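Peer 1: Here it is: the structure, laid out below.
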Amino acid sequence: MSNGKKFNLDEFVSKGDAIYQQEMTGAPVYSDPKFPGIARFDDKEQETDEYILRGLTGGEVIRGPGHSYTYSGMRGSEPVKGKSTIGDDTMTPRQAYFMKQYIKHTDEAGMTKNERQKYGAEISQIKNTYGQQPRYSQGKIISPYSIMGIKSKAMEGLPRSEQLMQEMDWHKRITNLPTSLTTEDKIMNSMKDDSLDIRGFKPQSMEDRRKAAMDRARNRMKSRKKESNADKLRRLRNMKFGDD
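Under the working numbering, think of the first position of the sequence shown as 50, with each following residue one higher.
Right, here's the structure in full:
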């Protein structure tokens, strides 16, 4: 555990969701409590001159290629010089900042080794399924952390074999969540149920799975009965048979 703190799943989910919402909604970042009114990043996700020169007088920022810069100024009677320390060719300074926030959040969650193997692996798996773009449920961004909390409660108490059976349902449910409000609105308006609302999602039981499989089999039989002789012949010709 970290600093004697005991891991709390609800707290981990809540704080992770807050970080994700701030990142994806483009909300301002005020990261230095000594200068609470100075936003760290501009609308191009670069560190602002005001943030770089906070606490200095007579300062100057010289921008270089990419995200690089150097700065100079006076702190009291002492001259100060420095250069950029965040961001690289693969991510903007704002993206690099939030990546560090996620790492810090996990490191400070108080997980034991076993909890880290369980919950750390779980959030990584959900993020991989979720993708890079924010996804929506009920007209709002739903973060990978919120999905983790919902999934954990839905899976709680199920036998391991049942949990493994449910993983495919969760993968499909997450990837079906739209990545824009416009897409979600169109889909939701064309559907009669809340199958895209992951907040109300309950995985299928084994009995429900068996009933669904039987329904699909009956529908296939009905479909084949309606086949014309010509369609049936074409289907049989296209079938591949193994060696005897």
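Note that CB positions come from ideal geometry on N, CA and C, so glycine has one too. This one's a predicted model, so the numbers in the text were calculated from it and none came from an experiment.
(1) Could you check whether I223 and Y179 sit closer than 9 Å to each other, using their CB atoms as the reference points?
(2) So what does V129 bridge to, in DSSP terms?
(3) Quick one: residues in its chain with C-beta nearer than 6 Å to the C-beta of T141, no 5 flanking neighbours on either side, listed in chain order?
(4) Would Q215 pass as a contact of M204 if the rule is Cβ separation under 9 Å?
(5) Using the Cα positions of R143 and Q181, report the straight-line distance between them to the nearest angstrom.
(6) My guess is that F56 and A170 are in contact by the Cβ rule of under 8 Å, so how many angstroms apart are they, rounded?
(7) List in chain order: all unbroken alpha helix (DSSP H) runs of 4+ residues lying wholly within the segment 135–182.
(8) Tell me the rounded alpha-carbon separation between F84 and M73.
(9) Would you mind sorting L230 into buried or exposed? The rule is 16 or more other CB atoms within 10 Å of its CB.
Peer 2: Reading off the structure:
(1) Closer than 9 Å, so yes.
(2) Looking at the DSSP assignment, V129 forms a beta bridge with G122.
(3) E94
(4) yes
(5) 15 Å
(6) In fact, because the Cβ distance is near 14 Å, the residues do not count as touching under 8 Å.
(7) Runs found: 142–156 and 170–179.
(8) Whole-angstrom Cα-Cα distance: 23 Å.
(9) exposed
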